[in-house]
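Here my numbering is used: the first residue of the sequence shown is 0, the next is one more, and so on.
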Amino acid sequence: LVCEPVSATTGLCCPDDPMTGQPPVCIGPSGPPAATVLASDLIGLLGLASDPALAADLFTGPWTNWYRDGRERGLAKLALMRGILETYNLTDMYVGGATGVPLVTDPARPSPMCPPGDYAARTLDGSCNDPLNPLMGARGTRFGRNVPLAGAHADPSMLLKPNPRKVSLSLLRRRIGRFQPVPFLNNLAGAWTQFQIHDWFDHGRPHTRDVIEVPLSRWDPLRFTRGLDTLIVPATRADPTRVAGRDDALPPTFTNEVTHWWDGSQIYGSDDATAHRLRAHHGGRLRVQADGLLPVGSRGYSDTGMRENFWVGLELLHTIFALEHNAIADMLAATYPSWDDERLFQTARLINAALIAKIHTLEWTPAILPNSSLDVAMNTNWYGLNHFACPPLPEIPGLYPNPVVYGVVGNAAGRDLHDAAYAMTEEFVSVYRMHPLLPEVFAVRSARSGRLRQIVPTGRTRDGGGRQLVERHGMTDMLYTFGTSHPGALVLGNYPRFLQDIEIPGRGVMDMGTVDVLRDRERGVPRYNQARQMLGMPPVPDFLTLTGGDRGLAHRLQRVYGTIDRLDLMVGTFAEAQRPSCYGFGETLFQVFTLMATRRLQADRYYTELYNADTYTNEGLIWVEANSMKSVLLRHFPDLADTGLAHVDNAFYPWE
């Protein structure tokens, strides 16, 4: 899967390292060879990242250029850009919500009293991660922003301009028979995306009375198939914590129905009642049926921590990591026989969440962004550049514990909030609108023989339909099906057709493409060029530049939007033809991605000063370090060892 020739620039290697050049830009089934650097070069890289001259060379025209440089200079540019974003693009949506200042939230919800000392386990609602700011990151607190407050105000007069249904049909819609796959990914990567999203954010059920009416054109298909002349889209639920007078100057604010932390809340829930329902209440385990599946909840599918927008991909992943939780709990029970159910459960929960975070950081991200420098950068997030140094740097005074060198996870310096209370952001929600990853159909195949067993439309895998598929074919065959098929590319003209005419209980007929566009507009997410400028990037001058010279696509964009400055953020990111080498998505999306990927770890004390043997146990730290998505799959479904999974190091690559 090498997509293009490698730059002639030599990579940084130890003299005795067998690698003599930069690894391929697009990595294949076994991933890139381990990159290594001389310790002196590592210090030189840090100096380069702080060189003022480098800031003047971040862009060629409107586009970033780090991926066109050698590894050392490219990594220095990535570090510099992230540092700029951490300084200017973390905006708190509370009055007095900065580091160490308690959030001013709903007066009816006083801040909890956190006990002195360190919590040995996370609270379920996300409170008390910071005892000085107890509600930071908790369920029911506001989303932050990655743009200044002045640029975060919604414009009601532009809510329907251009018509979001026209955007959906004219630009997003996948043509029949024209599915555009990602050849270097499998469908587990697509399902994993939503699995993570359900841990990080949820705006809650939208209003049923406060709605947005989207007029349909004369020739709209929904007029003929559904008899509609208007799409009724429920508005995002208003922030119940806003206080008149105090919050009047703020842009629209919205609250998160789940915790903001990377804590596995999609598995365990974000409140005590949900977790109590899901627990077995012996041995620290979660409830799992004798057949290895989760208990069935309402509407005929698995009972788990987050059940919205469920489908077969989530059915698989929730089952896998419930089983993994129980394996961890069993290991802890065998190692610490005196521990009670509560301690076993809470410690297993910590370990499981950390393993999921590591899989996302070191496996999913390099799989969807298969660029050798990016792979080093993501490993740096977890381990630090010292992980690649030979010999490794000692703890040098003045340099230690720099997280770029020594890593974020387990860093003795503790959390770094960059002067803004931690929260997921509306811009982060926006850039994770990745519905084109979904294919129109799944061809279910036997893991043993590879034979086709059933072709099922993706729309029929929702809710109870997904559970029925798993019960009919079994986890092993369904995982094999996902591992050997491809998700869709994040480009225009690749939005699933079934999502543009989908019936949602209690909400009626929806077009999720229309909803995706509307959500950004009503929440004050800036349009594409404005967002780029607020993220420190040059604006793109015209549609032809955006599309890389594709005149047909540029003309279609111009017909819908008129001018590029009216372009919606999601549509612009899908339209970007200029992307870092072999990236699964464009650079504007990546700016938010690179900022928040580090922040999720660095703001959380359970990944910084509390990531140690006292909190996780020594056995727990070893479990996180030793395991991967592949080992998790093989532990619970050993028959997959006889499939193509055996021949890939990264389980998100195609099992071919």
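The beta-carbon is built from N, C-alpha and C at its ideal position, and this holds for glycine as well. As the structure is a computational prediction, the values presented were derived from the model and not from experiment.
Contact set for residue i: own chain, Cβ-Cβ below 6 Å, skip 5 residues either direction
{"i": "Met305", "result": "His197, Gln265"}
{"i": "Leu77", "result": "Trp65, Ala376"}
{"i": "Arg174", "result": "none"}
{"i": "Val100", "result": "With a pLDDT of 48 at Val100, under the threshold of 50, the modelled position of this residue cannot be trusted, and the question is left open."}
{"i": "Leu545", "result": "Val539, Ala574"}
{"i": "Ala488", "result": "Gln179, Val181"}
{"i": "Ala137", "result": "Asp124, Gly125, Ser126"}
Sequence-distant residues of its chain with Cβ nearer than 7 Å to residue i (five each side left out)
{"i": "Ser169", "result": "Arg555, Val559"}
{"i": "Leu343", "result": "Gly282, Gly283, Ala328, Leu331, Ala332"}
{"i": "Pro14", "result": "Summary for Pro14: the model assigns pLDDT 29, below 50, so the residue's position carries little reliability; its value from the coordinates is reported in the next sentence. So the list is empty, once near-sequence residues are dropped."}
{"i": "Gln577", "result": "Trp62, Gly547"}
{"i": "Gly383", "result": "Pro402, Val403, Val404, Tyr405, Gly406"}
{"i": "Met135", "result": "Leu102, Asn128, Asp129, Ala420, Tyr421"}
Through-space distance from residue j to residue i, alpha-carbon basis
{"i": "Arg236", "j": "Trp260", "result": "21 Å"}
{"i": "Asp329", "j": "Ile355", "result": "18 Å"}
{"i": "Thr642", "j": "Gly465", "result": "23 Å"}
{"i": "Asn528", "j": "Leu552", "result": "18 Å"}
{"i": "Leu148", "j": "Arg526", "result": "15 Å"}
{"i": "Ala446", "j": "Glu586", "result": "37 Å"}
{"i": "Gly96", "j": "Phe253", "result": "Unreliable positioning characterises Gly96 in this predicted model, as indicated by a pLDDT of 45, which lies under 50. A coordinate reading is not provided."}
{"i": "Val514", "j": "Val404", "result": "42 Å"}
{"i": "Ala55", "j": "Met80", "result": "11 Å"}
{"i": "Thr140", "j": "Arg450", "result": "49 Å"}
{"i": "Leu53", "j": "Ala75", "result": "8 Å"}
{"i": "Arg522", "j": "Glu426", "result": "9 Å"}
{"i": "Pro486", "j": "Tyr87", "result": "34 Å"}
{"i": "Thr457", "j": "Thr360", "result": "28 Å"}
{"i": "Asn162", "j": "Glu608", "result": "49 Å"}
{"i": "Val146", "j": "Leu227", "result": "37 Å"}
{"i": "Leu277", "j": "Thr480", "result": "28 Å"}
{"i": "Asn128", "j": "Pro400", "result": "21 Å"}
{"i": "Ala119", "j": "His317", "result": "25 Å"}
{"i": "Leu398", "j": "Asn611", "result": "21 Å"}
{"i": "Thr229", "j": "Leu215", "result": "5 Å"}
{"i": "Leu517", "j": "Leu158", "result": "7 Å"}
{"i": "Trp381", "j": "Lys357", "result": "8 Å"}
{"i": "Ala190", "j": "Gly244", "result": "43 Å"}
{"i": "Leu588", "j": "Arg144", "result": "14 Å"}
{"i": "Tyr494", "j": "His275", "result": "38 Å"}
Assigned exposure category for residue i - 16 Cβ within 10 Å defines buried
{"i": "Phe223", "result": "exposed"}
{"i": "Leu131", "result": "exposed"}
{"i": "Asn617", "result": "exposed"}
{"i": "Gly176", "result": "exposed"}
{"i": "Lys160", "result": "exposed"}
{"i": "Arg471", "result": "exposed"}
{"i": "Ser448", "result": "exposed"}
{"i": "Gln195", "result": "buried"}
{"i": "Trp654", "result": "buried"}
{"i": "Gly507", "result": "exposed"}
{"i": "Gln345", "result": "buried"}
{"i": "Gly312", "result": "buried"}
{"i": "Pro239", "result": "exposed"}
{"i": "Trp199", "result": "buried"}
{"i": "Ser580", "result": "buried"}
{"i": "Arg634", "result": "exposed"}
Cut-off 8 Å between Cβ atoms - residues of its own chain near residue i, not counting five sequence neighbours on either side
{"i": "Gly463", "result": "Arg298, Gly299, Tyr300"}
{"i": "His386", "result": "Asn378, Thr379, Gly406"}
{"i": "Glu362", "result": "Ser627, Met628, Asn649, Ala650, Phe651"}
{"i": "Arg225", "result": "Asp500, Val508"}
{"i": "Met665", "result": "Because the chain here runs from 0 to 655, residue 665 falls outside it and cannot be looked at."}
Contact test: residue i Cβ vs the ligand SAH heavy atom, cutoff 8 Å
{"i": "Trp310", "result": "The ligand SAH is not part of this structure, which contains no ligands at all."}
Touching by the beta-carbon criterion (3+ pairs, under 8 Å), the region 361-374 and the region 393-409: no
Touching by the beta-carbon criterion (3+ pairs, under 8 Å), the region 288-305 and the region 149-158: no
Contained alpha helix (DSSP H) runs [length at least 4] in the region 565-629, N- to C-terminal order: 568-574, 586-601, 612-615, 617-625
Cβ pair count under 8 Å reaching 3, the region 201-210 against the region 597-604: no
Inside the region 380-424 only - alpha helix (DSSP H) runs reaching at least 4 residues: 402-405
Ordered list of beta strand (DSSP E) runs contained in the region 240-324, each at least 3 residues: none
Inter-stretch contact (C-beta, 8 Å, three-pair minimum) for the region 59-66 and the region 530-547: yes
Touching by the beta-carbon criterion (3+ pairs, under 8 Å), the region 621-638 and the region 429-445: no
The region 268-280 touching the region 113-132, judged by at least three CB pairs closer than 8 Å: yes
Inside the region 163-192 only - alpha helix (DSSP H) runs reaching at least 4 residues: 163-166
Runs of alpha helix (DSSP H) lying entirely within the region 341-385, each at least 4 residues, in chain order: 364-367, 371-382
Entirely enclosed beta strand (DSSP E) segments - the region 486-537, minimum 3 residues: 501-503, 507-509
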